[in-house]
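Trainee: Let me give you the structure first, and then I'll get to my questions.
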Amino acid sequence: MSEALDLACALIERPSVTPEDAGCQDLIAEYLAPHGFVAESMPFAEVQNLWLRHGEGEPLLMFAGHTDVVPTGPLEQWSSDPFSPTIRDGLLYGRGAADMKGGVAAMVVACAQYVAQRSDHPGAIGLLLTSDEEGPAVNGTRAAIEQLQARQEIPAWCIVGEPSCRERLGDVIKNGRRGSLSGRLTVRGVQGHIAYPALCDNPIHRFAPALVELTETIWDEGNEDFQPTQFQVSNLNSGCGAANVVPGELTADFNLRYSTEVTAEELQERIAGILGQAGFEHQIEWGEANLPYRTPPGTLTRICQDAVSEVLGSEAELSTEGGTSDGRFIRPTGAEVVEFGPINRSIHKIDEHVAVEDLDRLVGVYRAIIGKLLD
């Protein structure tokens with residue numbers, strides 16, 4: 345097996361469901377130690393973070409990623425054990441294969457191979473890993489970046505190894521992401537016997553028209569860099585378990601992925617207005633807003649596109665589509681930030697996988713990027 349495949353398999357074997365790291369970061373530190381990378385653990389609360397650095401000068405090129413994964417879902421639906429890496433028909437299966445242990449493995453191997461040939465390289469190379477990307481993302485990259493900033497370890501460039509590609513490796517480089525705003529709505533009614541609706545107030549019926557309005561509202565038109573803002577309900581819950589009882593309460597979890605054409609505060613005000621006009625008793629608990637970010641086309645985007653073209657023979661499109669990433673915590677440092685990693689079609693799904701050949705091809709792209717930035 346190749347180094348990247350071997351390391352990816354070793355990482356997948358560790359069941360690091362958020363916020364667990366399950367030894368992944370120790371494994372990576374051990375792998376890079378012989379190549380002169382200095383490892384520093386940065387734990388915050390229950391979250392494990394790892395900062396690895398080679399070289400003391402500037403500029404600092406950072407790779408960033410996460411060792412945690414989402415839960416597996418129903419095990420019986422997997423074709424093989426999600427924490428037993430399995431290769432079938434040229435694909436590596438396992439939870440985290442694409443998101444993002446495959447990308448982490450490729451980053452680590454690329455850095456090791458580069459410094460093995462160029463130990464006296466200009467500047468510095470750093471890798472920041474967290475076990476809290478798939479979760480609250482409070483004590484992970486955000487906390488670690490704050491600590492690095494406090495001691496003036498600020499990257500000039502950052503490559504986040506998130507799965508960015510749509511159909512083939514090298515078709516998309518993310519140079520930004522939309523913001524994310526979540527909320528939990530509670531609609532209160534009056535519980536009672538379903539045969540006496542006049543004595544009840546059904547929160548499901550009350551909420552239904554407002555739900556239609558929320559899903560059909562055009563929040564903005566987006567712009568040349570970002571898709572229009574979208575509203576989605578992720579969970580709707582009501583009822584007390586009996587078919588003849590009108591429930592007294594409904595809860596709805598929702599999320600908006602929003603562009604730079606609107607702010608989180610504006611979205612909150614508009615949603616409050618829609619629900620207020622609906623005329624039912626309700627309460628909203630808002631989650632913390634994750635701000636959008638964007639890196640304008642420049643040195644890093646150009647070099648990444650050139651590396652993809654040279655190594656893979658394809659043209660990479662710049663895009664801001666998809667969910668949030670830890671790039672939103674790194675961009676405010678002033679660093680140019682892009683995301684480039686495996687194909688994302690299977691992420692968070694049953695039978696998550698990555699193409700075996702793409703791991704070594706990804707190593708090649710990362711190595712080319714390092715060389716173009718530091719040589």
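First residue of the sequence shown: 345, per our numbering; consecutive thereafter. Quick reminder that beta carbons are idealized off the backbone N, C-alpha and C, glycines included.
Alpha carbon to alpha carbon, what distance is there between Gly520 and Gln461?
Mentor: Counting from one through the sequence shown, the residue named residue 461 turns up at place 117. Counting from one through the sequence shown, the residue named residue 520 turns up at place 176. Roughly 32 Å separates the two Cα atoms.
Trainee: Could you check the C-alpha separation between Gln621 and Asn581 for me, to the nearest Å?
Mentor: Taking the sequence shown and counting its residues from 1, one reaches residue 621 at position 277. Taking the sequence shown and counting its residues from 1, one reaches residue 581 at position 237. C-alpha separation (whole angstroms): 22 Å.
Trainee: In chain order, which beta strand (DSSP E) runs of at least 3 residues are fully inside the region 479-553?
Mentor: 501-504, 516-518, 523-532
Trainee: State the DSSP-derived secondary structure class of Thr643, mapped to helix, strand or coil.
Mentor: Within the sequence shown, residue 643 is the residue found at index 299, counting from 1. Residue state, collapsed to three classes: helix.
Trainee: Could you pull the start and end residues of the beta strand (DSSP E) that Arg601 belongs to?
Mentor: Residue numbering aside, residue 601 sits at position 257 when the sequence shown is read from its first letter. That run of the beta strand (DSSP E) goes 593-602.
Trainee: Take the Cβ of Leu543 as the centre, count every other Cβ of all protein chains shown within 10 Å, and call the residue buried at 16 or more, exposed below.
Mentor: Along the sequence shown, read from residue 1 onward, the residue named residue 543 stands at position 199. It counts as exposed.
Trainee: Grab me the residues of Thr595's own chain with a C-beta within less than 8 Å of its C-beta, minus the 5 sequence neighbours each way, in chain order.
Mentor: Numbered from its first residue, the sequence shown carries residue 595 at position 251. Contacts found: Arg528, Leu529, Thr530, Val531, Asn579, Leu580, Asn581, Ser582.
Trainee: So what does DSSP say about Arg638, is it helix, strand or coil?
Mentor: As a first step, residue 638 must be located in the sequence shown, where it is residue number 294. DSSP places Arg638 in strand when its eight states are reduced to three.
Trainee: Considering only the alpha carbon of each residue, which of Ser526, Ile503, Ser669 lies closest to Ile647?
Mentor: In the sequence shown, counting from the first residue as 1, residue 647 sits at position 303. When only C-alpha atoms are compared, the closest one is Ile503.
Trainee: Specify whether the region 424-438 and the region 347-360 touch according to this definition: at least 3 beta carbon pairs, one from each stretch, less than 8 Å apart.
Mentor: yes
Trainee: Which of helix, strand or coil does DSSP assign to Gln392?
Mentor: Position 48 of the sequence shown holds residue 392. Coil at Gln392, not helix or strand.
Trainee: Measure the CB-CB distance between Val587 and Ala608 and report whether it falls below 9 Å.
Mentor: On the sequence shown, residue 587 is found 243 positions in, with the first residue counted as 1. On the sequence shown, residue 608 is found 264 positions in, with the first residue counted as 1. Looking at the sequence shown, residue 587 is not Val but Ala. Between Ala587 and Ala608, the C-beta spacing is not below 9 Å.
Trainee: Can you tell me which residues form a DSSP beta bridge with Thr474?
Mentor: Looking up residue 474 in the sequence shown gives position 130. Answer is Asn393, His410.
Trainee: Measuring CB to CB, does Trp300 end up less than 9 Å from Arg638?
Mentor: No answer is possible for residue 300: the residues shown for the chain start at 345 and end at 719.
Trainee: Under 8 Å Cβ to Cβ from Ala468, same chain only, skipping five residues before and after it: list those, please.
Mentor: Translated into positions along the sequence shown, residue 468 becomes position 124. Counting only Cβ-Cβ distances below 8 Å, and skipping sequence neighbours, we find Arg397, His398, Gly399, Glu400, Gly401, Glu402, Pro403, Leu404, Leu405.
Trainee: Checking the sheet assignment: what are the DSSP bridge partners for Trp630?
Mentor: Within the sequence shown, numbered from 1, the residue matching residue 630 stands at position 286. Bridge partners of Trp630: Gly527.
Trainee: Kindly indicate which three-state DSSP category His398 falls into: helix, strand or coil?
Mentor: Position 54 of the sequence shown holds residue 398. For His398, the three-state secondary structure derived from DSSP is strand.
Trainee: Using a threshold of 9 Å, state whether the C-beta atoms of Leu600 and Leu525 are closer than that.
Mentor: Taking the sequence shown and counting its residues from 1, one reaches residue 600 at position 256. Taking the sequence shown and counting its residues from 1, one reaches residue 525 at position 181. Yes, they are a contact pair.
Trainee: Between the C-alpha atoms of Glu374 and Leu555, what's the straight-line distance to the nearest angstrom?
Mentor: By 1-based counting over the sequence shown, the position of residue 374 is 30. By 1-based counting over the sequence shown, the position of residue 555 is 211. Going from the Cα of Glu374 to the Cα of Leu555 covers about 52 Å.
Trainee: Consult DSSP for Glu613 and reduce its assignment to one of helix, strand or coil.
Mentor: Position 269 of the sequence shown holds residue 613. Helix at Glu613.
Trainee: Cα-Cα, which of Asp704, Pro378, Glu654, Gln493 is closest to Gly678?
Mentor: Translated into the one-based positions of the sequence shown, residue 678 becomes position 334. Out of Asp704, Pro378, Glu654, Gln493, Gln493 has the C-alpha closest to the C-alpha of Gly678.
Trainee: On a CA-only basis, which of Asp695, Asp650, Ser385, Arg510 is nearest Leu473? Give me that one, please.
Mentor: Residue mapping note: residue 473 aligns to position 129 of the sequence shown, counting from 1. Of Asp695, Asp650, Ser385, Arg510, the residue nearest in Cα terms is Ser385.
Trainee: Taking only the alpha-carbon atoms, compute the straight-line gap between Glu654 and Val516 and give it to the nearest angstrom.
Mentor: Reading the sequence shown from its first residue, position 310 is the one you call residue 654. Reading the sequence shown from its first residue, position 172 is the one you call residue 516. Roughly 15 Å separates the two Cα atoms.
Trainee: Using the Cβ count rule (16 or more neighbours within 10 Å means buried), how would you classify Tyr540?
Mentor: Working through the sequence shown from its first residue, we reach residue 540 at position 196. Its Cβ having fewer than 16 others within 10 Å, Tyr540 is exposed.
Trainee: Rounding to the nearest angstrom, what Cα-Cα distance links Gln612 and Leu371 in this structure?
Mentor: Looking up residue 612 in the sequence shown gives position 268. Looking up residue 371 in the sequence shown gives position 27. Distance between the alpha carbons of Gln612 and Leu371: 43 Å.
Trainee: Given that a residue counts as buried once 16 or more other Cβ atoms are within 10 Å of its Cβ, and exposed if not, what is Ile713?
Mentor: The count along the sequence shown starts at 1 and reaches residue 713 at position 369. Around the beta-carbon of Ile713, 16 or more other beta-carbon atoms lie within 10 Å, marking it buried.
Trainee: Note down, in chain order, each residue of its chain lying with its Cβ closer than 7 Å to the Cβ of Leu662, except the 5 sequence neighbours on either side.
Mentor: Start at 1 with the first residue of the sequence shown, and residue 662 comes out as number 318. So the list reads Ile517, Asn519, Pro641, Thr645, once near-sequence residues are dropped.
Trainee: Would you call Val577 buried or exposed, if buried means 16 or more other Cβ atoms sit within 10 Å of its Cβ?
Mentor: Numbered from 1 along the sequence shown, position 233 holds the residue referred to as residue 577. Answer is exposed; the Cβ neighbour count stays below 16.
Trainee: Helix, strand or coil: how does DSSP classify Glu347 here?
Mentor: In the sequence shown, the residue the question calls residue 347 occupies position 3. Residue state, collapsed to three classes: helix.
Trainee: With Val452 and Leu376 assumed to form a contact (beta carbons below 8 Å), what rounded beta-carbon distance in angstroms separates them?
Mentor: For the purposes of this step, residue 452 is identified with residue 108 of the sequence shown, where counting begins at 1. For the purposes of this step, residue 376 is identified with residue 32 of the sequence shown, where counting begins at 1. With 8 Å as the limit, Val452 and Leu376 qualify as a contact, their Cβ atoms being about 6 Å apart.
Trainee: Count the other CB atoms, across all protein chains shown, that sit within 10 Å of the CB of Arg512; report buried if there are 16 or more and exposed otherwise.
Mentor: Translated into the one-based positions of the sequence shown, residue 512 becomes position 168. Counting C-beta atoms within 10 angstroms of its own C-beta, Arg512 has fewer than 16 neighbours from the protein chains shown and is therefore classed as exposed.
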